[in-house]
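Take a look at the structure set out below.
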């Protein structure tokens, strides 16, 4: 039996996806409200910067992995226009339904697909841009998922990985206190679920740091990888180019 981490807990690899799905089934209806509360609204700036770095052109094709409630997919759709395409995906049906409904309310209908990033149901060299925001850390085999993202990108295509990362050392103690004391309490009060937000804090600590993720992306086939730290390293945007 192969094991992997679910937060700080060691679990059977075959069980991790089910456990992660349970977390997001629980928080889907309160996901956007919790993001605003947890980050003080900063997640909107992090995503706006990601859209800026994407530098999308009209007519391009985009794959949004772990697209959740659809905020990036919506922003990307405005950039690629009617001639382009944004495919909105997530492994979690509850999150995807929430995102699809939000997009429809905004007057935007996008292809919406429940799929596993480790087995993407798309042809080789199909997309100009692939994005994954706050989803990579929940994947069981990050190396396989990154290789799949590389496979579906066109040569010269761009992967954007927006994810929590290793915070700058002077902020570490305060950040740890906030993560393990405040986040679960907010989760309990707002979403009625402290455990899912405790998992969130733990999963961030188990995720590869900036340099380790950069190395993983290069191993997956990206010839050039840049890392942009934001908010003192609380979040990092990794940009990989398929050469």
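Residue numbers (the working numbering): 129 to 371.
Each residue gets a CB set at the ideal place from its N, CA and C atoms; glycine is no exception.
Computed from a prediction, not measured in an experiment: that's the story for all the values here.
Cβ neighbours of residue i in the same chain (closer than 6 angstroms, five flanking residues each side left out)
{"i": "residue 203", "result": "179"}
{"i": "residue 253", "result": "282"}
{"i": "residue 209", "result": "186"}
{"i": "residue 230", "result": "197, 198"}
{"i": "residue 266", "result": "148"}
{"i": "residue 151", "result": "324, 327"}
With 16 other Cβ atoms within 10 Å as the buried cut-off, status of residue i
{"i": "residue 255", "result": "buried"}
{"i": "residue 131", "result": "exposed"}
{"i": "residue 317", "result": "exposed"}
{"i": "residue 339", "result": "exposed"}
{"i": "residue 237", "result": "exposed"}
{"i": "residue 352", "result": "exposed"}
{"i": "residue 156", "result": "buried"}
{"i": "residue 315", "result": "buried"}
{"i": "residue 381", "result": "Nothing can be reported for residue 381, as the shown portion of the chain is limited to 129 through 371."}
{"i": "residue 334", "result": "exposed"}
{"i": "residue 347", "result": "exposed"}
Own chain partners of residue i with C-beta closer than 7 angstroms, once the 5 adjacent residues on each side are dropped
{"i": "residue 170", "result": "359"}
{"i": "residue 248", "result": "276, 280"}
{"i": "residue 160", "result": "197"}
{"i": "residue 195", "result": "201, 216, 217, 218, 227"}
{"i": "residue 329", "result": "307, 308, 311"}
{"i": "residue 240", "result": "216, 224, 228"}
{"i": "residue 300", "result": "none"}
Where residue i falls: helix, strand or coil (DSSP)
{"i": "residue 339", "result": "helix"}
{"i": "residue 171", "result": "helix"}
{"i": "residue 138", "result": "strand"}
{"i": "residue 294", "result": "coil"}
{"i": "residue 369", "result": "strand"}
{"i": "residue 283", "result": "strand"}
{"i": "residue 310", "result": "helix"}
{"i": "residue 264", "result": "helix"}
{"i": "residue 364", "result": "strand"}
{"i": "residue 237", "result": "coil"}
{"i": "residue 288", "result": "strand"}
Range of the contiguous alpha helix (DSSP H) that encloses residue i
{"i": "residue 277", "result": "270-280"}
{"i": "residue 324", "result": "322-334"}
{"i": "residue 205", "result": "199-208"}
{"i": "residue 223", "result": "221-233"}
{"i": "residue 304", "result": "300-305"}
Endpoints, the beta strand (DSSP E) within which residue i is located
{"i": "residue 192", "result": "189-193"}
{"i": "residue 257", "result": "255-261"}
{"i": "residue 357", "result": "352-358"}
{"i": "residue 185", "result": "No beta strand (DSSP E) contains residue 185, which DSSP labels as neither H nor E."}
{"i": "residue 215", "result": "213-218"}
Distance cut-off 8 angstroms: residue i Cβ against heavy atoms of the ligand GDP
{"i": "residue 222", "result": "By its list of ligands, the structure shown contains no ligand whatsoever, and the ligand GDP lies outside what it can speak to."}
Close beta carbons around residue i, own chain, < 8 angstroms, minus the five adjacent residues each side
{"i": "residue 284", "result": "369, 370, 371"}
* Do the segment 306-326 and the segment 170-187 make contact, defined as three or more Cβ pairs closer than 8 angstroms? -> Touching, no, given that fewer than three Cβ pairs across the two stretches are closer than 8 angstroms.
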